Amino acid sequence: KQEVTQIPAALSVPEGENLVLNCSFTDSAIYNLQWFRQDPGKGLTSLLLIQSSQREQTSGRLNASLDKSSGRSTLYIAASQPGDSATYLCTYKLSFGAGTTVTVRA
Amino acid sequence: NAGVTQTPKFRILKIGQSMTLQCTQDMNHNYMYWYRQDPGMGLKLIYYSVGAGITDKGEVPNGYNVSRSTTEDFPLRLELAAPSQTSVYFCASSYSGLAGGNTGELFFGEGSRLTVL
């Protein structure tokens, strides 16, 4: 069974600080990894998909890296804003982590 | 473009009742999935399908049944509802799946919130 772990479980930062969210998985095979955002009581919004052949993917202030050798992905959010407050989930091989809940303080 | 559509959005069931959660996608995706999400937890895979007529169990299939008669539709049936099935259910689809060596990008519906009392 694939295990996906997200650390930390929760994070609170002042506005403008950079965010670093971690996702680790138990095998270093050849699958894609996808990051999602979930607002309270809402569905999942796809942020980034990193193909197994890629090392990173960027979209605006978001950058996600994939290190297959260590079984880890990191999501960087630059210059955080209060609107970035949400739970961030990663999925690998159809398994999900429990998420990191981010609060950005104005 | 509707993407993945789930109905109903909310439902309250009594213990022992049965119901079907509907899911349909208009992206011509072969792969479809049902997940449940309990408070503060990640999503757990209930069932998945790799194409019409083919379904398989995920991590938490007990108490649920699925069918896939068309590419577009993947209903999830709850038989004899129990309080432990109170959860938010998400349907998803993708163009490719694990059997292809790489999970394609997952597209999710907005979820169905089910309460069993």
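In the order they appear, the protein sequences are chains P and Y.
Just so we're aligned: the first sequence equals residues -10 to 95 in my numbering.
Just so we're aligned: the second sequence equals residues 109 to 225 in my numbering.
Glycine included, each C-beta is placed from N, C-alpha and C at the ideal position.
In this text, all values refer to a predicted model and were calculated from it rather than measured experimentally.
Find out if the Cβ-Cβ distance for the pair Ser195/Y, Gln114/Y is shorter than 8 angstroms.
no
Under the three-state reduction of DSSP, which class applies to Gln193/Y: helix, strand or coil?
helix
Residues near Arg94/P by beta carbon distance below 6 angstroms, same chain, minus five either side:
Pro3
Assuming Met140/Y and Ser201/Y are in contact, meaning their beta carbons sit under 8 angstroms apart, how far apart are those beta carbons, in whole angstroms?
5 angstroms
Chain Y contact for Ala87/P (CB, 8 angstroms cutoff)
yes
Distance, Leu153/Y Cα to Glu167/Y Cα
5 angstroms
What in chain P is Cβ-close to Leu151/Y, meaning under 9 angstroms?
Leu33, Leu78, Thr80, Ser84, Phe85
Can you tell me whether Ser157/Y is buried or exposed? The criterion is at least 16 other CB atoms within 10 Å of its CB, across all chains shown.
buried
So for Pro147/Y, helix, strand or coil by DSSP?
coil
Can you find the residues in the same chain that come closer than 8 angstroms, C-beta to C-beta, to Leu83/P, ignoring five residues on each side of it along the sequence?
Gln(-9)
At 9 angstroms on the CB atoms, spell out the chain P contacts of Gly111/Y, in chain order.
By Cβ distance, chain P contributes nothing, its closest Cβ being about 11 angstroms from Gly111/Y, past 9 angstroms.
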